[in-house]
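Visitor:
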Amino acid sequence: MVMKKMIYILLSVAAMVSFSSCNDDFLDRMPKDEMTDDNFWQTEEHLVQVANTFTAALQGKYWLNITEIMADSAPWAVTTAFRTIGAGNFTTETSQINSLWVTAYTGIGRVNYFLNNYNRAETVKEEIRERYAAEAYFYRAYNYWVLTSYFGDVPYITDELSVESPDVYRGRDPRKTVIEKVTKDLEDHYKNLPEYIPAASSEFGRVSQCAALALLSRIYLYNGMYEEAAGAAERAMNNSYHELYSTGNPDVDYVNLFNYTGRASRNAANKETLLAFVYNYDLGEAARQSHNLSRECWVPGDYARFVPTNSMIEAYLTKDGQIWDPSTVDTYEDVFKDRDPRMVQSILAPGTPWEGGKSGDLLSTDDKIYTYPLLTNNKTAAMTYSGYYMRKYVEPSTVKYVGHDDNDLVMLRYAEVLLNYAEAKEMLGQLTQADLDKSINLLRDRVGMVHMKLSQLPAGSDIRTEIQRERRIELFFEGHRYFDIIRWKQGHILGEDLLGVNKRWLDQSRLAVDLDKDLTWQTKDGQQYLLIETGRTFNPDKHYLLPIPFKQMQLNPNLAPQNPGWN
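Okay, structure coming up:
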């Protein structure tokens with residue numbers, strides 16, 4: 130009965146997370162109530178059905194809910210549990226921390242179940258079996274990357290026991306040991322995967338060699354293994370297929386990568402996306418997959434969920450590659466002028482078409498063109514708590530609907546590989562101009578931004594700072610920022626107040642809200658900025674790791690000792 134129940138659960142999950150670009154063949158299977166362990170592991174279809182459950186680990190849009198809300202670039206406007214975690218105001222009993230643990234180990238359990246049974250499909254060719262086994266190793270490595278990034282030392286489990294089972298009493302393995310094991314698995318098995326999965330193909334959403342190499346470069350980089358990180362990235366860069374998405378339109382190519390125009394699940398020209406969580410609203414209700422990100426960012430008649438912060442606004446360089454000085458502009462419109470072109474393709478700038486409702490600008494004559502922020506939630510349009518709105522990932526055509534979005538959520542893309550390579554080479558002390566030209570400067574070429582040059586860095590900056598800036602800009606709102614802050618040991622950033630627009634840039638005559646009476650401002654560098662959140666804290670003696678969840682410590686006392694500072 131245990132095995133029969135396991136197969137029922139796995140196939141139910143498979144139906145929910147099956148790749149929407151594929152056909153509906155997965156529905157033509159044996160009735161689940163007739164599935165048993167004895168008759169299941171027989172065909173390639175059986176292997177695929179279990180392998181399809183692995184993708185739940187990516188979490189799709191919910192990954193942004195977790196990671197972006199915890200960071201400082203585009204948090205959820207109103208306090209949520211994950212924003213509280215990012216602000217350092219949580220305990221070992223915070224349930225969302227337990228959910229991070231359980232979600233990852235649930236994914237690991239699915240993988241282990243597969244790896245301990247897949248060779249029973251003896252009639253399936255070995256190369257096919259090993260391909261899906263390689264996918265399993267990929268997702269086990271991914272889940273352990275998540276766990277070690279959050280918690281440090283964790284139990285390395287290869288059996289099939291449920292994480293909630295009282296029989297799981299294993300202690301924690303050193304993070305270094307876990308990383309050595311999962312990277313060895315990837316290195317040993319990634320060549321059993323296809324070199325690449327073509328965009329817009331029926332298999333898009335499955336794992337390829339290049340996706341595995343991208344994950345390897347990420348894991349190596351996060352764990353200070355810079356030579357290995359550069360090597361894995363370079364192997365991916367030498368592939369025969371993947372390249373940055375560009376149609377020769379620098380004003381829109383970057384933003385279109387994340388909306389309906391460029392989504393790789395349907396656009397064969399997008400060879401940049403290595404792995405995405407694929408959605409498809411057009412399938413029947415039983416298989417439909419969609420999200421609500423566009424409406425959450427521009428929701429007409431309520432507050433915008435994710436809002437860019439002032440620190441994100443100030444991170445973008447000028448168009449000629451210099452550090453932007455906030456004191457040089459006097460109006461809201463000027464903030465967006467002559468900046469890194471990725472800024473206006475990521476953050477909504479005045480003059481851009483939008484579907485967020487009635488304009489917040491009292492002088493506006495066209496509610497379909499964005500001109501000014503709405504700073505009070507009067508239910509006529511999307512209100513922003515920061516003075517800014519997202520543009521990246523917003524598909525304007527679906528804003529008016531609830532839960533209709535089906536643009537891909539990008540989990541791994543070629544741009545990250547290039548950034549991983551440049552950072553690893555710099556950390557090794559080996560970065561050359563040639564390295565920049567085949568990595569970061571390709572990203573800048575896409576949008577028409579001036580090149581990064583070792584001999585002409587922005588005044589007052591250094592190459593490491595600029596590489597970190599480039600990563601923040603290019604990978605904005607893709608779930609990287611919290612982890613980057615943690616691994617760069619810049620945790621003090623998470624303890625700083627979240628600020629929004631500069632008061633000096635706003636024209637009171639264009640706003641219904643009273644800037645002096647209705648809003649709260651904080652002075653920084655002699656300027657007043659809209660206060661989004663105060664009371665944040667970061668203790669370097671404890672907050673670089675999350676605590677082992679209280680519930681898990683109760684279930685398994687062998688997880689002790691607790692992470693530093695959490696006893």
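At position 176 of the sequence shown the residue is numbered 305 (this note's numbering), and the sequence of numbers has no breaks.
The beta carbon of each residue, even a glycine, is placed where N, CA and C say it ideally should be.
Check Arg575 in the structure and name its three-state DSSP category.
Guide: Mapped onto the sequence shown, residue 575 falls at position 446. Correct three-state label for Arg575: helix.
Visitor: Please list, in chain order, all residues of the same chain as Ala689 whose beta carbon is under 6 Å from its beta carbon, the five residues on each side excluded.
Guide: Position 560 of the sequence shown holds residue 689. Contacts found: none.
Visitor: If you follow the beta strand (DSSP E) that Ala405 is part of, which residue opens it and which one closes it?
Guide: One-based indexing of the sequence shown puts residue 405 at position 276. 402-406 is the extent of the beta strand (DSSP E) around Ala405.
Visitor: Nearest by alpha-carbon distance to Lys632: which of Arg639, Ile622, Glu607, Tyr658 is it?
Guide: Against the sequence shown, residue 632 aligns to sequence position 503. Looking at the Cα atoms, Tyr658 is the closest of the given residues.
Visitor: Just tell me which of Phe280, Pro204, Glu309, Ile198 has its CA closest to the CA of Tyr234.
Guide: Working through the sequence shown from its first residue, we reach residue 234 at position 105. Selected option, being the one with the closest Cα: Phe280.
Visitor: Could you give the first and the last residue of the continuous beta strand (DSSP E) run that contains Lys653?
Guide: Taking the sequence shown and counting its residues from 1, one reaches residue 653 at position 524. Element bounds for Lys653: 650-653.
Visitor: Which of helix, strand or coil does DSSP assign to Phe211?
Guide: Walking along the sequence shown from the start, residue 211 turns up at place 82. Looking at Phe211 - three-state DSSP - the assignment turns out to be helix.
Visitor: Is Leu623 closer than 7 Å to Gly215 when the C-beta atoms are compared?
Guide: As a first step, residue 215 must be located in the sequence shown, where it is residue number 86. As a first step, residue 623 must be located in the sequence shown, where it is residue number 494. Contact: yes.
Visitor: Beta-carbon separation of Ala511 and Ala433 under 7 Å?
Guide: Locating residue 511 in the sequence shown gives position 382, where the first residue counts as 1. Locating residue 433 in the sequence shown gives position 304, where the first residue counts as 1. Result yes, Cβ atoms of Ala511 and Ala433 sit closer than 7 Å.
Visitor: Asp537: buried (16+ other C-beta within 10 angstroms of its C-beta) or exposed?
Guide: Against the sequence shown, residue 537 aligns to sequence position 408. It counts as buried.
Visitor: Can you tell me whether DSSP reads Asn227 as helix, strand or coil?
Guide: As a first step, residue 227 must be located in the sequence shown, where it is residue number 98. Helix at Asn227.
Visitor: Keeping to the same chain, check which residues put their C-beta closer than 7 Å to that of Asp153; ignore five residues upstream and five downstream.
Guide: To locate residue 153, count along the sequence shown from 1; it is residue 24. With a pLDDT of 36 at Asp153, under the threshold of 50, the modelled position of that residue is not reliable, and the figure given next carries that caveat. Cβ neighbours of Asp153 beyond the five flanking positions: Ala416.
Visitor: Among Ser331, Lys618, Val179, Ile442, which residue has its Cα nearest to the Cα of Asn246?
Guide: Residue mapping note: residue 246 aligns to position 117 of the sequence shown, counting from 1. Comparing Cα-Cα distances from Asn246 to each of Ser331, Lys618, Val179, Ile442, the minimum goes to Val179.
Visitor: Out of Val436, Trp634, Thr306, Val546, which has the shortest C-alpha to C-alpha gap to Pro455?
Guide: Within the sequence shown, residue 455 is the residue found at index 326, counting from 1. For the residues Val436, Trp634, Thr306, Val546, the minimum Cα distance to Pro455 belongs to Trp634.
Visitor: Can you tell me which of Gln562, Arg520, His580 puts its alpha carbon nearest to the alpha carbon of Asn570?
Guide: Looking up residue 570 in the sequence shown gives position 441. Checking every option, the nearest Cα to that of Asn570 belongs to His580.
Visitor: Taking buried to mean at least 16 other C-beta atoms within 10 Å of its own C-beta, is Val531 buried or exposed?
Guide: Walking along the sequence shown from the start, residue 531 turns up at place 402. The residue in question, Val531, is exposed, as its Cβ has fewer than 16 Cβ neighbours within 10 Å.
Visitor: What's the gap between the Cα of Ile177 and the Cα of Leu342?
Guide: Taking the first residue of the sequence shown as position 1, residue 177 is located at position 48. Taking the first residue of the sequence shown as position 1, residue 342 is located at position 213. It should be pointed out that residue 177 corresponds to Val in this sequence rather than to Ile. Straight-line Cα distance between these residues: approximately 22 Å.
Visitor: Excluding the 5 residues flanking Glu356 on each side, which residues of the same chain have their C-beta closer than 7 Å to its C-beta?
Guide: As a working mapping, residue 356 is identified with position 227 in the sequence shown. Correct list, in chain order: Leu557.
Visitor: Output the distance between the C-alpha atoms of Leu675 and Tyr499, rounded to the nearest integer angstrom.
Guide: Start at 1 with the first residue of the sequence shown, and residue 675 comes out as number 546. Start at 1 with the first residue of the sequence shown, and residue 499 comes out as number 370. Approximately 40 Å, taken between the alpha carbons.
Visitor: Could you tell me the boundaries of the beta strand (DSSP E) in which Val630 lies?
Guide: The residue labelled residue 630 in the question sits at position 501 within the sequence shown. That run of the beta strand (DSSP E) goes 627-631.
Visitor: As a quick exercise: from Asn668, Glu289, Arg593, Met578, pick the residue whose alpha carbon is nearest that of Asn378.
Guide: One-based indexing of the sequence shown puts residue 378 at position 249. Checked all of Asn668, Glu289, Arg593, Met578; the closest Cα to Asn378 is Met578.
Visitor: Taking its Cβ as the centre, do 16 or more other Cβ atoms sit within 10 Å of Gln681, making it buried, or is it exposed?
Guide: For the purposes of this step, residue 681 is identified with residue 552 of the sequence shown, where counting begins at 1. It counts as buried.
Visitor: State yes or no: is the C-beta of Lys190 within less than 7 Å of the C-beta of Leu422?
Guide: Counting from one through the sequence shown, the residue named residue 190 turns up at place 61. Counting from one through the sequence shown, the residue named residue 422 turns up at place 293. Result yes, Cβ atoms of Lys190 and Leu422 sit closer than 7 Å.
Visitor: Quick one: is the Cβ of Glu599 within less than 6 Å of any heavy atom of the ligand GDP?
Guide: Ligands are entirely absent from the displayed structure, and the ligand GDP is therefore not among its contents.
Visitor: Count the other C-beta atoms from every protein chain shown that fall within 10 angstroms of the C-beta of Val207, then say buried if there are 16 or more, exposed otherwise.
Guide: Locating residue 207 in the sequence shown gives position 78, where the first residue counts as 1. Exposed is the call here.
Visitor: To which residues does DSSP link Leu659 through a beta bridge?
Guide: As a working note, residue 659 is residue 530 in the sequence shown. Paired residue(s): Trp650.
Visitor: Is Ile661 near Leu640, with beta carbons less than 7 Å apart?
Guide: Indexing the sequence shown from 1 puts residue 661 at position 532. Indexing the sequence shown from 1 puts residue 640 at position 511. Not in contact: Ile661 and Leu640 (Cβ atoms no closer than 7 Å).
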